[in-house]
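Encoded as structure tokens, the structure appears first; notes follow it.
Chains as they are written, first to last, in my numbering: chain A, 1 to 365; chain B, 1001 to 1305.
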């Protein structure tokens, strides 16, 4: 078991910079998820850690040793691929033991390791089957088993759940978490799915355009995003972004969203935002759960406003309401009994205690 | 729910027969397929059938003005005579030895070559891959004269005689088989997902182990297809052995048949047909056993999986 360190790591393909100088410290036994839209450099970063891609610049260290020029097989890592990459001509047991057999481990040792991994993953009855006789979820387990038997310093997962259907994905997600709790190997996991990132990670690394936008535990990213990109990427439905002006008033600040909608900034935030009054290009960020139906007893900082709904999406436990404000399509979450209906006017309440103010450069203020 | 189901029965969709149906289109497609299949089958099967009929006739009956498609006095004399002729057995043995060696040599060269060209990206590998294919396009009819000249010069310089030696065919035939087999294998290897070798690399396999333990087993259908091709080419090759070998004990089957069974303007038709027919048996047997693999190899990469 070991930590992984990335120092100023670059990856260039000709003139294109896929990874543009990232720094990351992954602690021993930590589960870190790299997340971001496609083309953000997350897979390239993982493949550089694995040794499948050369590092253009910078250093990658595993367990304190720089591994820039160490071939993949000597880095003591195991990787799980998106399409499983099981050897089609080998049985499950042979697939799992291939690496150990290449290293000429004793037969008894191989058998006990394969049996142990099969027990952890609950695939003991599949050991003699060929990959083509397995379902997607079973193949994924075998791919993980192949990683576990090696007992590596680091597990690398490259979008391992993307090929599974939605239900199985949720199930395997829990499975992966359980396995990590059991074997406690340092894990780097790449996904484009922010839900996977949130649910699995000890720390999430949000990447965009080859740079790290923010690193932090899931809840910190959710509640305290540092950039507009992170704010919009984490959370589903995504955070609402509403262009607004900040106007100083007698006792505080007002957010002017439109001619008719002016929301007072909660007193607790006035001090923080005071300096930005009148600045151009400000954006109010507010998560859908902070736009709800009005109620008789509204806490301070909650501002009501009236709009006309476009469409609603009843989810059972809640209803998502979509409306247009200042040219932006927005989303709110109301109680299923709030009386929301397609195309109907409705009074909603914005809980500005949870607001984010974003400047023109996309930084959360 | 129930109400909705009941009312929808009223508006049951009506059949618009004017447009014809899928099954009728299919029927016609099948009829046309069979029509052309019969034509093709006749085109390709009549010559061997004619050969078979002729092989059962005596020389007298062959030259007689009777119905050529019927045997009036069937005889196995041609078979008996041919199979007891020492030359014919030598031709057969030469062909078997040459083909076996050529197939082995071809596979030993083209599998690693294809693996290198499809997986190890090095400077000029794409150009080289195309170059390999282009060499296949140069016909042997164009090459045998310069090759002959080269062998003659080689003899003058080194004193080693290459002409009229059956083993020189082991050097010459691969120039025909290696490019094509390499090309087939490049295509087949390209259809193996990249992650498979990456997984093997991470598992600690060297390039050679990746080739022998992953690629060769996975690409077996393609390798068998290439093997069949190499065997067919070397078994049926005519021009090179005709040009480079002359003594009876050095000849391979196709050349042996025509040089020993045609004397001047006398054609021993019965034996020629028998010899050709027997000579066609080994490829036929191989095809029969490996046909499925061969088809799998030909359609390699057409679909995933």
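Quick reminder that beta carbons are idealized off the backbone N, C-alpha and C, glycines included.
Sequence-distant residues of the same chain with beta carbon closer than 8 Å to residue i, five excluded per side
| i | result |
| --- | --- |
| residue 1071 of chain B | 1053, 1056, 1057, 1061 |
| residue 277 of chain A | 246, 247, 248, 253 |
| residue 1089 of chain B | 1083 |
| residue 1211 of chain B | 1111, 1112, 1115 |
| residue 1076 of chain B | 1056 |
| residue 271 of chain A | none |
| residue 236 of chain A | 194, 195 |
Alpha helix (DSSP H) segment containing residue i, residue limits
| i | result |
| --- | --- |
| residue 1221 of chain B | 1220 to 1236 |
| residue 1155 of chain B | 1140 to 1158 |
| residue 37 of chain A | It is not in any alpha helix (DSSP H) - residue 37 of chain A carries neither H nor E in the DSSP assignment. |
| residue 1243 of chain B | 1239 to 1244 |
| residue 1081 of chain B | 1077 to 1083 |
| residue 1101 of chain B | 1086 to 1119 |
| residue 356 of chain A | Counting along the chain, residue 356 of chain A falls outside any alpha helix (DSSP H), though it belongs to the beta strand (DSSP E) covering 356 to 358. |
Bridge partner(s) assigned by DSSP for residue i
| i | result |
| --- | --- |
| residue 1254 of chain B | In DSSP, residue 1254 of chain B forms no bridge with anything. |
| residue 216 of chain A | A/204 |
| residue 25 of chain A | A/5 |
| residue 65 of chain A | A/62 |
| residue 1292 of chain B | Per DSSP, none; premise fails for residue 1292 of chain B. |
| residue 11 of chain A | A/19 |
Neighbour-count burial assignment, residue i, 16 or more Cβ in a 10 Å radius
| i | result |
| --- | --- |
| residue 1067 of chain B | exposed |
| residue 1156 of chain B | exposed |
| residue 296 of chain A | exposed |
| residue 1073 of chain B | exposed |
| residue 299 of chain A | exposed |
| residue 1235 of chain B | buried |
| residue 87 of chain A | buried |
| residue 311 of chain A | exposed |
| residue 1040 of chain B | exposed |
| residue 1004 of chain B | Confidence is the limiting factor: at residue 1004 of chain B the pLDDT is only 46, short of 50, which leaves the residue's position unreliable, though a coordinate-based value still follows. Exposed is the call here. |
| residue 1223 of chain B | buried |
Alpha-carbon spacing of residue i relative to residue j, whole angstroms
| i | j | result |
| --- | --- | --- |
| residue 1301 of chain B | residue 1023 of chain B | Reliability of the predicted coordinates at residue 1301 of chain B is poor, the pLDDT of 44 falling under 50, and the value obtained from them is presented with this limitation in mind. One C-alpha to the other measures close to 30 Å. |
| residue 1137 of chain B | residue 1174 of chain B | 14 Å |
| residue 267 of chain A | residue 2 of chain A | 47 Å |
| residue 970 of chain B | residue 1148 of chain B | As shown, chain B starts at 1001 and ends at 1305. That puts residue 970 of chain B outside it, with no answer to give. |
| residue 151 of chain A | residue 25 of chain A | 21 Å |
| residue 148 of chain A | residue 120 of chain A | 9 Å |
| residue 1167 of chain B | residue 1197 of chain B | 38 Å |
| residue 319 of chain A | residue 291 of chain A | 12 Å |
| residue 37 of chain A | residue 1038 of chain B | 57 Å |
| residue 242 of chain A | residue 189 of chain A | 33 Å |
| residue 73 of chain A | residue 44 of chain A | 18 Å |
| residue 420 of chain A | residue 12 of chain A | Past the boundaries of the shown model lies residue 420 of chain A; chain A is included only from 1 to 365, so the question cannot be answered. |
| residue 1129 of chain B | residue 1120 of chain B | 12 Å |
| residue 1289 of chain B | residue 1188 of chain B | 21 Å |
| residue 279 of chain A | residue 221 of chain A | 26 Å |
| residue 302 of chain A | residue 225 of chain A | 21 Å |
| residue 1247 of chain B | residue 1051 of chain B | 27 Å |
| residue 1182 of chain B | residue 145 of chain A | 36 Å |
| residue 49 of chain A | residue 1200 of chain B | 16 Å |
| residue 335 of chain A | residue 325 of chain A | 21 Å |
| residue 1026 of chain B | residue 1044 of chain B | 26 Å |
| residue 287 of chain A | residue 240 of chain A | 6 Å |
| residue 1030 of chain B | residue 1245 of chain B | 50 Å |
| residue 1303 of chain B | residue 101 of chain A | Reliability fails at residue 1303 of chain B, whose pLDDT of 42 lies under 50, so the model's placement of it is uncertain and the value that follows must be treated cautiously. Each residue's alpha carbon lies about 32 Å from the other. |
| residue 362 of chain A | residue 228 of chain A | 5 Å |
| residue 124 of chain A | residue 1231 of chain B | 44 Å |
| residue 110 of chain A | residue 322 of chain A | 57 Å |
| residue 14 of chain A | residue 269 of chain A | 47 Å |
| residue 223 of chain A | residue 204 of chain A | 13 Å |
| residue 1268 of chain B | residue 1291 of chain B | 34 Å |
Residues near residue i by beta carbon distance below 7 Å, same chain, minus five either side
| i | result |
| --- | --- |
| residue 1227 of chain B | 1103, 1107 |
| residue 1135 of chain B | 1179 |
| residue 173 of chain A | 161, 196, 199, 200 |
| residue 129 of chain A | 91, 92 |
Start and end residues, beta strand (DSSP E) containing residue i
| i | result |
| --- | --- |
| residue 1204 of chain B | Here residue 1204 of chain B belongs to no beta strand (DSSP E), and DSSP marks it neither H nor E. |
| residue 60 of chain A | 57 to 62 |
| residue 189 of chain A | 186 to 191 |
| residue 114 of chain A | Not the beta strand (DSSP E): residue 114 of chain A falls in the alpha helix (DSSP H), residues 107 to 121. |
| residue 285 of chain A | 283 to 286 |
Close beta carbons around residue i, own chain, < 6 Å, minus the five adjacent residues each side
| i | result |
| --- | --- |
| residue 42 of chain A | 34, 36, 190, 207 |
| residue 1078 of chain B | 1055, 1270, 1271, 1274 |
| residue 97 of chain A | 110, 114 |
Cβ-heavy atom distance, residue i to the ligand PLP, below 6 Å
| i | result |
| --- | --- |
| residue 300 of chain A | The ligand PLP is not among the ligands present in this structure, which contains no ligands whatsoever. |
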